[in-house]
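Position 122 of the sequence shown, counted from 1, bears residue number 119 in the numbering used here, the numbering being contiguous throughout.
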Amino acid sequence: MSGAEVLGIISAVISIIDATIQLSSAIKDEAGLPSNFKTVAAKLPLITKLLDDTERYVEEEANDDLTSTFIPVLRDCEEKATKLQVLFEKVVPANGDSRAGRYIKAARTIGKGGRVETLMKEILDGLQLLTITFPKVTSRRGLENLTKAIEEVGEMKPSLPDGFEDAATYAHYGSGAQNVNTGVGSQYNNNSTGNQNNGPGNQYIGTNQIGMPPES
């Protein structure tokens, strides 16, 4: 392992984060965009800044102890950043299916930990681990901003319900009714106006109409 390998990973993560920043900055219409995406997008420049600081630190201080600690943490950050980028790629476009629908589909492909705020939190936690192990990685101001960002992301409400990754594949994000029968037996749905009569055996339905007698 070498400092060059660490620098290569840092460069890759910066590129992924920068691409995600470009995606978020292209948002013109926020309609239907889960609010957590906007909050997470606001933290992306901080990640870039911290990675720039980390890059400078590695260039000056690279050694075997440093690289053995940095590489697994940065690899994990790279993985989480890639997944975060995928979520933004799926959700940011305003056209097509609803943003909420596209988000949950993309998050399910990631599985547990696929919420946008969870991915951001794990990236920030990884960077915090580096700053704890190597305090000179960033400035005091950088550390304060990192701590604040972790607190803010940790206070965010879940953008998807618990168990979303295992939820049934029936999702309805538009208007109108959705009728699903996943068990046995009959299902009777009346999604319009008027009477609906259901039941076993024979049914005898009569209609009485009272009105004026016909003209002679």
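We put the CB at the ideal spot given by N, CA and C, even for glycine. Note that the coordinates shown come from a computational prediction; the quantities given were computed from them, not determined experimentally.
For a test of the three-state rule: what should DSSP assign to residue i, helix, strand or coil?
i: G139; result: helix
i: M117; result: helix
i: V181; result: Residue placement at V181 cannot be trusted, given a pLDDT of 45 that sits under 50; what the coordinates show is reported in the next sentence. Coil.
i: I129; result: helix
i: V89; result: coil
i: D73; result: helix
i: A23; result: coil
i: L124; result: helix
i: D50; result: helix
i: L30; result: coil
i: L157; result: coil
i: R96; result: helix
i: S8; result: helix
i: G111; result: coil
i: E57; result: helix
i: S(-1); result: coil
i: E149; result: helix
i: K80; result: helix
Using beta-carbon positions only, say whether residue i and residue j come within less than 7 Å of one another.
i: V83; j: I24; result: no
i: T45; j: I11; result: yes
i: K87; j: R99; result: yes
i: T36; j: F85; result: no
i: F161; j: V113; result: no
i: P31; j: S156; result: yes
i: S253; j: A38; result: Outside the shown range of the chain, which is -2 to 213, sits residue 253, and nothing can be said about it.
i: V55; j: G0; result: yes
Counting C-beta neighbours from all protein chains within 10 Å, is the total for residue i 16 or more, i.e. buried, or is it exposed?
i: K80; result: buried
i: G214; result: Nothing in the structure corresponds to residue 214, since the chain is present only between -2 and 213.
i: G108; result: exposed
i: D163; result: exposed
i: T51; result: buried
i: E57; result: exposed
i: R137; result: exposed
i: G215; result: Given that the chain is displayed from residue -2 to residue 213, the structure contains no residue 215 and the question cannot be resolved.
Excluding five sequence neighbours on each side, which residues of the same chain lie with their C-beta closer than 7 Å to the C-beta of residue i?
i: L71; result: V3, I6, I7 and V10
i: L140; result: T128
i: L47; result: L124, T135, G139 and L143
i: M153; result: N33, T36 and E114
Which residues in the same chain as residue i place their Cβ atom closer than 6 Å to its Cβ, once the five residues preceding and following it in sequence are excluded?
i: I147; result: L121
i: L116; result: K77, K80 and L81
What does a CB cutoff of less than 8 Å around residue i pick up in its chain, not counting 5 residues either side in sequence?
i: E27; result: K35
i: E75; result: I6, A9, V10 and I13
i: P42; result: I18
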